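Enquirer:
There are 2 protein chains.
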Amino acid sequence: MSTPTIPVAGEDGSAASRARDAAEGAAAALEYARRRHGVFVADLLEWLRIPSVSTDPARAADCAAAARWAASRLTAWGVAAEVVEPAPGGHPLVVAARDEDPALPTVLLYGHYDVQSPEPLGDWTSVPFVPAVRGDDVFARGASDNKGQCWALLCAVHAWIASVGRLPVNLRVVVEGEEESGGRTLTDFVGTHAERLRADAAWVADASLFAPGMPALYSAVRGILYLELEAQGARADLHSGMYGGVAPNPLLAICHVLAACKPWNGAVNLPGFYERVRRPSAEELAGWAALPFDEPTFRLEQVQAEALPGEHGFTVLERLWTRPTFDVHGIVGGFVADGAKTVIPARATAKVSMRLVPDQDPDAVLHSFEDRINFLRPEGVTFTIRVLESAPPLQLPLGHPVVAAGKRALVAAFGREPVVVRSGVSLPALNLIAHRLRVPTVMTGFGLPDDRPHAPDEKFHLPNLQAGIAATIAFLRECGALPRT
Amino acid sequence: MSTPTIPVAGEDGSAASRARDAAEGAAAALEYARRRHGVFVADLLEWLRIPSVSTDPARAADCAAAARWAASRLTAWGVAAEVVEPAPGGHPLVVAARDEDPALPTVLLYGHYDVQSPEPLGDWTSVPFVPAVRGDDVFARGASDNKGQCWALLCAVHAWIASVGRLPVNLRVVVEGEEESGGRTLTDFVGTHAERLRADAAWVADASLFAPGMPALYSAVRGILYLELEAQGARADLHSGMYGGVAPNPLLAICHVLAACKPWNGAVNLPGFYERVRRPSAEELAGWAALPFDEPTFRLEQVQAEALPGEHGFTVLERLWTRPTFDVHGIVGGFVADGAKTVIPARATAKVSMRLVPDQDPDAVLHSFEDRINFLRPEGVTFTIRVLESAPPLQLPLGHPVVAAGKRALVAAFGREPVVVRSGVSLPALNLIAHRLRVPTVMTGFGLPDDRPHAPDEKFHLPNLQAGIAATIAFLRECGALPRT
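Chains as they are written, first to last, in the numbering used here: chain R, 1 to 485; chain S, 1 to 485.
Have a look at this one:
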């Protein structure tokens with residue numbers, strides 16, 4: 001660790017000298033981060049090697065290892081980190097803090113170490129948990145979502161402490177291990193230890209730039225209601241030759257109810273589903289119209305599909321950011337190995353999610369779905385609905401000084417104003433931080449739109465690791481200058 | 001092996017003395033079989049221990065072992081058996097023959113040693129390949145379908161030879177290993193070695209009694225067209241938060257097309273699907289109306305479902321025997337492990353089959369399905385259709401002397417006239433024997449309606465092994481008296 005060389009508080013303690021010190025501190029931290037880039041990348045590859053798939057119970061030990069990895073680095077850098085025991089079936093939470101001065105504002109950084117399942121493995125160019133650097137990109141599961149981005153936040157902290165000897169703010173860090181699997185542990189922790197996460201500003205990077213070199217500030221994220229719909233027909237599996245034509249087929253029943261809930265090119269067909277959907281403001285729409293977004297390019301290069309089917313009367317960006325969805329993620333039941341088996345399964349289960357937009361309420365949507373299934377219920381089949389995830393949609397307060405600080409930080413790192421967009425994803429942790437803990441939150445991202453999080457060949461663009469560190473260094477500096485609330 | 005004690009041909013060679021000799025031979029064979037019952041059961045349990053699952057490539061060696069097991073017994077009993085090498089990816093065919101006298105008719109016996117996959121394992125009371133005798137039943141995968149029934153045929157042959165020293169007919173035996181997986185090897189063998197299976201009568205037991213103690217003669221079986229329908233949306237799996245609302249969802253597309261092809265309580269919705277469906281005769285319908293069949297009992301005890309949904313305007317038996325079906329057996333694709341993954345899969349595949357009735361043509365139905373999918377095709381999704389199995393429906397000639405012989409054999413074994421019914425299942429081998437080789441065929445069965453073939457806790461009622469042996473002994477005797485064609 002290098003010796004601090006920059007004075008951190010002006011002798012006169014004046015606002016001007018504080019600002020000058022902060023500027024010098026940020027410059028020193030940035031310089032430090034640039035010199036350390038190779039080490040930061042090497043460390044990230046080490047973290048990426050840990051297969052911390054939170055949805056796979058067999059990976060629990062790997063999740064714990066990924067948590068300890070982050071905690072031990074934070075502690076070594078002078079940020080006291082604790083690995084909090086998880087809720088049953090969950091994964092540990094890393095909570096860290098460093099207090100500099102009660103007079104300074106407190107900043108909360110959030111990221112997650114857990115990753116999505118790497119399946120289907122056969123579609124990867126290289127092995128998902130053996131990070132491969134090709135050109136300026138590192139390919140690995142979790143590279144972009146979220147280890148790479150989270151690592152940028154942590155490296156910025158290290159750069160400040162290592163170069164200046166202290167942070168310009170008091171710090172709280174949360175690195176969770178259940179972002180992809182329900183987030184029970186963080187929810188519980190917020191319920192019991194809210195005071196340990198109290199902060200004046202939060203900085204979350206779990207998204208992407210809008211385009212290469214074009215940073216984004218997110219004004220809203222979609223909520224989610226993720227359900228399992230189980231259909232039970234006969235009591236046991238039956239032979240379709242002996243019983244076909246009379247036995248209820250739960251797979252076909254699932255096809256019927258799901259097709260009825262979501263017409264292919266139409267709106268979601270659940271009673272009252274759109275009642276609380278808010279239209280975006282004219283200002284937002286105008287901003288989006290000015291974005292460098294081309295539907296054919298998006299279709300051909302990102303989605304890579306023949307068409308972009310969806311709700312009529314809305315642009316692609318509106319559908320992604322302001323419209324709720326209904327998707328099927330998997331259907332379990334019957335015979336799925338190679339070849340033919342003529343079984344009418346007793347049970348089948350569909351994994352279904354709805355993305356929700358402001359001001360939809362997940363509980364109201366759940367009731368509506370239950371009513372609809374009950375109404376549609378094909379004769380001879382009984383349905384059971386289980387909630388696997390539920391998070392309301394969220395809007396962030398764009399007029400807050402913390403958001404202005406975030407904008408300036410992004411300008412400092414990327415040399416241009418961020419565009420204000422929304423995200424189609426759901427971030428339950430953001431609900432906890434921004435809504436439940438009421439921390440003014442800046443939501444941004446250092447990934448690229450084609451990073452393929454959740455899909456094979458996920459990657460992270462390493463120059464954006466550097467830019468993310470720079471943006472976080474600047475955000476900490478900006479927050480240090482905010483009035484303590 | 002016991003010493004033959006019964007003369008097999010009258011010294012004068014008269015018809016009366018031949019009939020007396022045959023009656024005495026059958027009585028001796030029956031007596032032999034009764035004494036050997038315990039050994040026959042023990043041998044059957046040995047065969048059932050071999051997990052000859054033909055749809056599972058990992059079970060190829062077990063299939064070969066099950067074939068050798070049958071062939072070695074036939075050879076030891078004096079029936080020259082050959083294990084015919086399978087077609088690529090298939091399983092060996094056991095072909096055996098014993099010639100007694102060119103002047104005698106030739107009888108072909110058919111059975112299969114391959115069994116369905118034992119999944120789902122968790123629903124079995126005992127282990128599927130560790131046969132468990134509870135009361136008069138043996139529980140094991142393949143107990144009823146078809147090792148138990150096939151074994152009855154083979155034991156009858158052994159009983160004749162062991163007790164009388166010879167058979168009353170010339171014999172051909174086919175025990176195939178791909179009844180549950182396409183039957184390529186038998187099809188090829190019939191194509192290249194038809195002469196080795198030429199016969200005057202065939203006896204097939206791959207079904208069940210209509211009710212305990214009530215034997216059945218089958219006048220028709222349904223055909224089958226088993227397809228895989230693959231839907232391709234985007235080129236790779238996508239995150240439903242980032243792309244939900246615009247990316248085509250192939251699972252949902254499959255739900256849409258399958259629901260459109262098969263309304264829940266309606267007819268199959270494919271163009272021209274019913275054009276060639278023949279109505280059963282008034283005589284058949286009258287016979288079925290007289291059967292001891294109670295829909296509520298059938299629903300509660302066999303199907304064990306809340307209702308028996310299906311085509312309006314037809315009784316349950318008509319729907320099972322005379323109406324085509326459309327069933328979904330499995331849907332592959334997306335995320336199916338425990339928990340939640342928000343993936344929009346690139347591909348999804350449905351396993352679908354249609355049972356066909358006289359005179360539907362599988363090729364015509366395939367074209368109709370292709371047209372329908374092409375018409376329905378949801379925007380942004382491409383479909384591929386693969387044929388996994390195709391067999392036309394079949395009607396058997398009830399007026400033939402061989403069928404009359406079969407009836408008498410069933411009367412001899414069960415003490416009552418068989419009822420004439422149909423079967424909803426598909427037996428491609430029956431198409432080869434009865435249609436392609438033009439062998440007059442008796443199709444019967446020694447299982448019970450609640451044997452659960454293809455499902456967990458498959459069983460075989462051991463007294464029906466004895467009855468099946470008796471019926472086959474009698475059928476061989478009856479055929480010995482038929483004029484040589």
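Even glycine gets a Cβ: it sits at the ideal position worked out from N, Cα and C. Every value quoted in this text rests on a predicted model; they were computed, and no experiment measured them.
Determine the direct distance from the alpha carbon of Val365(S) to that of Val261(S), and round the result to whole angstroms.
Expert: The amino acid occupying residue 261(S) in the given sequence is Cys; Val does not appear at that position. Distance between the alpha carbons of Cys261(S) and Val365(S): 12 angstroms.
Enquirer: Our contact map puts Pro397(S) next to Leu356(S) with C-beta atoms below 8 angstroms; I'd like the distance itself, whole angstroms only.
Expert: At roughly 19 angstroms, the Cβ-Cβ gap does not stay under 8 angstroms, so Pro397(S) and Leu356(S) are not in contact.
Enquirer: Where does Tyr274(S) land, buried or exposed, given buried means 16+ other C-beta within 10 angstroms?
Expert: Around the CB of Tyr274(S), fewer than 16 other CB atoms lie within 10 Å, so the residue is classed as exposed.
Enquirer: Let's see if you can read the secondary structure: which residues bound the alpha helix (DSSP H) around His37(R)?
Expert: His37 to Leu48
Enquirer: Using a Cβ-Cβ cut-off of 6 angstroms (strictly less than) and excluding sequence neighbours within five positions of Asp137(S), which residues of its own chain qualify?
Expert: Lys459 and His461
Enquirer: Please determine, among Pro428(S), Gly415(S) and Ala97(S), the residue with the shortest C-alpha to C-alpha distance to Ala199(S).
Expert: Ala97(S)
Enquirer: Less than 8 angstroms between the CB atoms is what I'm expecting for Gln149(R) and Phe446(R), so what's the real figure, rounded?
Expert: 5 angstroms
Enquirer: Got a sec, what are the start and stop residues for the alpha helix (DSSP H) Ile433(S) sits in?
Expert: Looking at the DSSP string, Ile433(S) is not in any alpha helix (DSSP H), and its letter there is neither H nor E.
Enquirer: Relative to chain S, which residues along the segment 296-307 of chain R have a C-beta separation below 9 angstroms, given in chain order?
Expert: Phe298, Arg299, Gln302, Val303, Gln304, Ala305, Glu306 and Ala307
Enquirer: Compare the C-beta of Cys150(R) with all C-beta atoms of chain B and state if any pair is closer than 9 angstroms.
Expert: Given the protein chain composition of this structure (R and S), no chain B is represented.
Enquirer: Please list, in chain order, the residues of the segment 365-395 of chain S that have any C-beta partner in chain R closer than 7 angstroms.
Expert: Against chain R - using a Cβ distance shorter than 7 angstroms - the residues of the segment 365-395 of chain S are Pro378, Glu379, Gly380, Thr382, Leu388 and Glu389.
Enquirer: Only counting the same chain, and skipping five residues up and downstream in sequence, which positions put a Cβ closer than 7 angstroms to that of Arg235(R)?
Expert: Ala346
Enquirer: Hey, would you say Ala231(S) sits closer than 9 angstroms to Thr382(S), going by beta carbons?
Expert: yes
Enquirer: Flag Phe335(S) as yes if its beta-carbon sits less than 9 angstroms from any beta-carbon of chain R, otherwise no.
Expert: Cβ-Cβ to chain R under 9 angstroms: yes for Phe335(S).
Enquirer: Can you pull the chain S residues whose beta carbon is under 7 angstroms from the beta carbon of Leu465(R), in chain order?
Expert: Residues of chain S passing the Cβ test: none, with the nearest at roughly 20 angstroms.
Enquirer: Check this for me: beta carbons of Leu44(S) and Leu476(S), under 9 angstroms apart or not?
Expert: no
Enquirer: Count the other CB atoms, across all protein chains shown, that sit within 10 Å of the CB of His193(R); report buried if there are 16 or more and exposed otherwise.
Expert: With fewer than 16 Cβ atoms within 10 Å of its Cβ, His193(R) is classed as exposed.
Enquirer: Could you tell me the boundaries of the beta strand (DSSP E) in which Val95(R) lies?
Expert: Leu93 to Arg98
Enquirer: May I ask you to list the residues that DSSP assigns as paired with Gly487(R)?
Expert: Examination of residue 487(R) is not possible in this model, given that chain R is present from 1 through 485 alone.
Enquirer: Do we get a CB-CB distance below 9 angstroms when we pair Phe293(S) with the residues of chain R?
Expert: Chain R has no Cβ within less than 9 angstroms of the Cβ of Phe293(S).
Enquirer: Among Ile373(S), Leu225(S) and Ala307(S), whose alpha-carbon lies nearest the alpha-carbon of Gly182(S)?
Expert: Across the set Ile373(S), Leu225(S) and Ala307(S), the C-alpha of Leu225(S) shows the shortest separation from the C-alpha of Gly182(S).
Enquirer: Tell me whether Thr106(S) counts as near the ligand MG, meaning its Cβ is closer than 8 angstroms to at least one heavy atom of that ligand.
Expert: With respect to small molecules bound, the structure shown includes none, and the ligand MG cannot be examined in it.
Enquirer: So who's on the other strand from Thr349(R), going by DSSP bridges?
Expert: For Thr349(R), which the question treats as bridged, DSSP gives the partners Glu230(R) and Val332(R).
Enquirer: Answer yes or no: does any C-beta atom of chain R fall closer than 9 angstroms to that of Asp137(S)?
Expert: Output row for Asp137(S): interface = no.
Enquirer: Just the C-alpha distance for Glu478(S) and Gly330(R), rounded to the nearest angstrom, thanks.
Expert: Each residue's CA atom was taken as its position, placing Glu478(S) and Gly330(R) some 56 angstroms apart.
Enquirer: Taking Cβ positions, are Val107(S) and Met443(S) nearer each other than 9 angstroms?
Expert: no
Enquirer: Roughly how far, in whole angstroms, is the beta-carbon of Gly177(S) from the beta-carbon of Ser281(S), given that I think they are within contact range, below 8 angstroms?
Expert: Contact doesn't hold; Cβ gap of about 36 angstroms is too wide.
Enquirer: Which value, in whole angstroms, describes the spacing of the CA atoms of Arg279(R) and Pro86(R)?
Expert: 39 angstroms
Enquirer: For Leu108(R), list the residues DSSP reports as bridge partners.
Expert: Arg172(R) and Ala202(R)
Enquirer: Pick out the complete alpha helix (DSSP H) segments inside the segment 406-472 of chain S, 4 residues or longer, and give them in chain order.
Expert: none
Enquirer: By the 9 angstroms beta-carbon criterion, what residues does the segment 113-135 of chain S contribute toward chain R?
Expert: Gln116, Ser117, Glu119, Pro120 and Asp123
Enquirer: Residues of the segment 313-327 of chain S with a CB closer than 7 angstroms to any CB of chain R: list them in chain order, please.
Expert: Val316, Arg319, Leu320, Arg323, Thr325 and Asp327
Enquirer: State the CB to CB distance for the pair Trp151(R) and Leu465(R), rounded to an integer number of angstroms; the pair is presumed to be in contact (CB under 8 angstroms).
Expert: About 7 angstroms separates the two Cβ atoms, so the contact holds.
Enquirer: Report back the beta-carbon spacing between Val421(S) and Ala286(S) to the nearest angstrom; my notes put them in contact at under 8 angstroms.
Expert: That pair is no contact at about 13 angstroms.
Enquirer: On the three-state DSSP scale, how would you describe Arg184(S)?
Expert: helix
Enquirer: Shortest alpha-carbon distance to Asp145(S) belongs to which of Asp327(S), Ser208(S) and Glu195(S)?
Expert: Ser208(S)
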